[in-house]
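Everything on this sheet refers to the single structure shown next.
Number of protein chains: 2
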Amino acid sequence: METFKGSVTSAKGFYAASTAAGIKYKDRSDMAMIYSKEPCVCAGTFTTNIVKAAPVKWDMRIVEESPFVQAVVVNAGIANACTGEEGLAHCWETAQTVSKIMGIPEEAVLVASTGVIGMQVPIDKICAGVGQMVPKLSDGKEAGTKAARAIMTTDTVPKHIAVSFKIDGRTVTIGGMCKGSGMIHPNMCTMLSFLTTDAAISKELLTEALKESVQETYNMVSVDGDTSTNDTVLLMANGMAGNPVIDKKDESYEKFIQALDTVNTYLCKRIAGDGEGATALLEVKIIGAATKSDAVKLAKSVVTSNLVKTAIYGHDANWGRILCAMGYAGVDFDPEQVDLYFESANGKIKIIEDGVSTGYSEEEATQILTSDAVTAIADVKMGKASATAWGCDLTHDYVKINADYRS
Amino acid sequence: METFKGSVTSAKGFYAASTAAGIKYKDRSDMAMIYSKEPCVCAGTFTTNIVKAAPVKWDMRIVEESPFVQAVVVNAGIANACTGEEGLAHCWETAQTVSKIMGIPEEAVLVASTGVIGMQVPIDKICAGVGQMVPKLSDGKEAGTKAARAIMTTDTVPKHIAVSFKIDGRTVTIGGMCKGSGMIHPNMCTMLSFLTTDAAISKELLTEALKESVQETYNMVSVDGDTSTNDTVLLMANGMAGNPVIDKKDESYEKFIQALDTVNTYLCKRIAGDGEGATALLEVKIIGAATKSDAVKLAKSVVTSNLVKTAIYGHDANWGRILCAMGYAGVDFDPEQVDLYFESANGKIKIIEDGVSTGYSEEEATQILTSDAVTAIADVKMGKASATAWGCDLTHDYVKINADYRS
């Protein structure tokens, strides 16, 4: 398996384009489009928030009812959430516009939006944006990279990756791009992520693979504990790699899901590390839990704690806050058995053993915590289950960004 | 019922003292003591965190097993949490010291600590502090006010209140003091709060009254979503008002619980408004919910959202974040039926009606949100249940305080 700095255009037959449609931002691209030469089977996971944005409602129907899809249109700046019937009509109009220009059914067009809640999108600008993008569609690397940049809101870096692997001698590629970086919290798919693959795979197994991968990746990311109204992960497969169709859980499926996990894990770590205002990626590993569910709850509780997050920002080995956050996770364990370690590129240190301080060097701990990626590992010694969650520190800039996001 | 700026010494027969024991802070008092001339029945509620500080373990046993109590010793600076057997021995030693000096059983002495997790308390200083406080015990107003100041950590103001009312012609008083102001979140009793009353009341009804009141008050406060290891509410009643003993749920009990609610509501609003770094008290009222439990979940979800809290800091009527936080509360409601209002001393404004914007004036909304106490009222139109939760805005100073709390 080879990982490289690709994107949604890395898999065969996928095209992308972007444009500055002037929806909210000035002097930057704010719309992107993905198009597949061949029809794709498609899987999607969506926010569990009962307040669902119009594009989420649109896509849920398309993913469930359409036999195939062929295009996605994304805009940044306005979320098209809490916009009633008019918001849904705007999704339809966007799909109709693509349908007319590209000659594909409107039921083959997915839409996604991110940005401010409660405003209507300027539909004329969206439709004009589609018109600008179609002639620019390209399967080149640059088109994919630019698309990743166009969907950003408060993200500071574009997030994209690709992985290639072999099935029966044929090269199969999975590429993806996503955007964070606020209103991000476990318990749903999370934020916007677009994945393309040239694998030949049945819709049933594609759906299962995505569901399986999302549990261990997107659902383990938290920036601020807020589950967005717009979270969407879409995975499209056009079969152009020419591999024998994956339609059962055989070795080829295992290879596919391994590659998919690699792409999603990379994108999740990028989302967490680029959380609003973040200076560091915080990885929390729980080992020795009694059950997987316990491990997940403990990891999420720690990664979501504002007090843990501010301590990481301060490079402060305030382990009491970690144990405290584990304590209110709703999981049964013995605090007086817990071992805790901090690890980064600067080293690894054991902080507590059996629930009390090891008498570690604060200086050494601070040095380990002074890194842009920090891991906390807690062994609860109750069993063999483990889980990893990703988040980030809570900083002055998070407050700055969110205290006046709309102006 | 009369409310006045009293404290733990307002009820008959209660004494308080404080001292600078030099536990962690310099040049300020950091220990307080409450003493009752007569033995008291006592009720307590404690953190639900499974990581419980040593004083919590000590008090839980005393409240359950001792027929009466007579003193409480509190220290600020070190929490005595995650301190193993040694931490528990320190509680015992503190109680023994009080017992010897005052001639009361050690099982009549409660202890409470707040501050950094994971360090042992300097037990010699604690015991010396007790020795300094005993000769200073006073039932005067100033002693109560000073005690409220001595238990502060990152609190910026002392928090205390008293209420008097009549039962069968006898004046009954309930006084209280508490401290916040970080690691505060619903789902437990919360932080340290000490309540004293001269009411004559059975232990059974005192316990029930406290439990009932805590549900609507301390359990509805959130500063940062972190449930502390030390949260404690203690309520002591010495019977010195001379009223007929309250031992059934009659009119006297109703009067008592009404007064208790008044004290606790006041203290909770003070805790929320003085949350770490806060510039404003955020009150969230949910009305029209199908059940009480739904109303509580919705109110807590909104008051806990970092995105709502930063918007309040920015005086930004970003109502989408409120609807979003309601949407992930795990409660069934129709977002397209919700009405939302903002209210403060500066006025009241309807922001959304049936889930969409009313086209309100942003300028007017900002003016209403520019206040040190802001209320958001959401009507979900599903039934008749309601709930109120209290929190605060999330500010630069919260991050500053918590990024380097230990140094």
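Those protein sequences? They're chains H and F, same order as listed. Take the first sequence: its position 97, counted from the start at 1, is 1361 in the working numbering, and no numbers get skipped. Take the second sequence: its position 317, counted from the start at 1, is 1581 in the working numbering, and no numbers get skipped. From the three backbone atoms N, C-alpha and C, an ideal C-beta is built for every residue, glycine too.
Straight through space, the alpha carbons of F:Ile1616 and F:Gly1623 are spaced by roughly 8 Å. Distances from the CA of F:Ala1536 to each of F:Glu1627, F:Arg1434, F:Trp1583 and F:Met1484 were compared; the closest alpha carbon is that of F:Met1484.
Taking the Cβ atoms as the reference, H:Phe1606 lies roughly 5 Å from H:Ile1632, within the contact range of under 8 Å. Boundaries of the alpha helix (DSSP H) around F:Gly1351: Gly1348 to Met1366.
Given a length threshold of 4 residues, each whole run of the alpha helix (DSSP H) inside the region 1446 to 1518 of chain F is given here in chain order: 1467 to 1480. When F:Glu1547, F:Val1427 and F:Val1362 are compared, the shortest CA-CA separation from F:Gln1522 is found for F:Val1427.
Within chain F, the C-beta atoms nearer than 8 Å to that of H:Glu1600 come from Gly1348, in chain order. One finds nothing in chain H with a Cβ atom closer than 8 Å to the Cβ of F:Tyr1517; even the nearest lies about 33 Å away. The beta carbon of H:Glu1547 lies closer than 6 Å to those of Thr1639 and Trp1654 in the same chain, with the five residues before and after it left out. Under the three-state reduction of DSSP, F:Ala1343 is assigned to coil, being neither helix nor strand. Within the model, the alpha-carbon separation for H:Thr1568 versus F:Cys1346 is close to 21 Å. Residues of chain H with a Cβ closer than 7 Å to the Cβ of F:Asn1313 are, in chain order, Cys1588, Gly1591 and Tyr1592.
Within a 10 Å sphere around the beta-carbon of H:Ala1563 sit 16 or more other beta-carbons, which makes this residue buried. Judged by DSSP secondary structure, H:Ala1275 falls outside any alpha helix (DSSP H); it is assigned neither H nor E. Residues of the region 1529 to 1542 of chain F that bring their beta carbon within less than 8 Å of a beta carbon in chain H are absent altogether. Under the criterion of beta carbons closer than 8 Å, H:Val1394 and H:Thr1361 qualify as touching, at roughly 5 Å. Considering only beta carbons, the part of the region 1644 to 1662 of chain H lying closer than 7 Å to chain F consists of Leu1658, Thr1659 and His1660, in chain order. Considering only beta carbons, the part of the region 1363 to 1390 of chain H lying closer than 9 Å to chain F consists of Val1380, Ile1381, Gly1382 and Met1383, in chain order. Secondary structure within the region 1380 to 1457 of chain H: the alpha helix (DSSP H) runs of 4 or more consecutive residues, fully enclosed, are 1387 to 1397 and 1405 to 1414 (chain order). Between the region 1387 to 1401 of chain H and the region 1361 to 1370 of chain H there are three or more C-beta pairs closer than 8 Å, enough to call the two in contact.
Scanning the region 1589 to 1651 of chain F for uninterrupted beta strand (DSSP E) segments of 3 residues or longer gives 1603 to 1608, 1611 to 1617 and 1637 to 1643, listed from N- to C-terminal end. Between F:Glu1329 and F:Lys1467, the alpha-carbon positions lie close to 12 Å from each other. Excluding the 5 residues flanking it on each side, H:Val1595 has same chain C-beta neighbours closer than 6 Å at Asp1558, Lys1561 and Leu1562, in chain order. F:Leu1352 and F:Val1272 have their C-alpha atoms some 26 Å from each other.
Residue burial annotation: H:Ser1625 is exposed, with fewer than 16 other C-beta atoms found within 10 angstroms of its C-beta. When Cβ-Cβ separations below 8 Å define contact, F:Ala1637 makes no contact with chain H. With respect to chain H, the C-beta atom of F:Ser1492 has a partner C-beta closer than 8 Å. Scanning chain F for C-beta atoms nearer than 7 Å to the C-beta of H:Trp1583 yields Gly1382, reported in chain order. Your pair H:Arg1585 and F:Ile1381 checks out as a contact, with CB atoms roughly 7 Å apart and the cut at 8 Å. Rounded to the nearest angstrom, the gap between the Cα atoms of H:Arg1292 and H:Ala1414 is 8 Å. Between F:Ala1280 and F:Ala1372, the gap from beta carbon to beta carbon reaches 8 Å or more.
Counting only residues of its own chain and dropping the five nearest sequence neighbours on each side, H:Ala1542 has a CB closer than 7 Å to the CB of Cys1656, Asp1657 and Thr1659. Interface with chain H (8 Å Cβ-Cβ cutoff): F:Thr1574 is included. Excluding the 5 residues flanking it on each side, H:Lys1612 has same chain C-beta neighbours closer than 8 Å at Tyr1605, Phe1606 and Ile1632, in chain order. The criterion of a C-beta distance shorter than 8 Å is satisfied by F:Ile1576 and F:Ala1544. Looking from the CA of F:Thr1496, the closest CA among F:Ile1431, F:Val1327 and F:Ala1637 belongs to F:Val1327.
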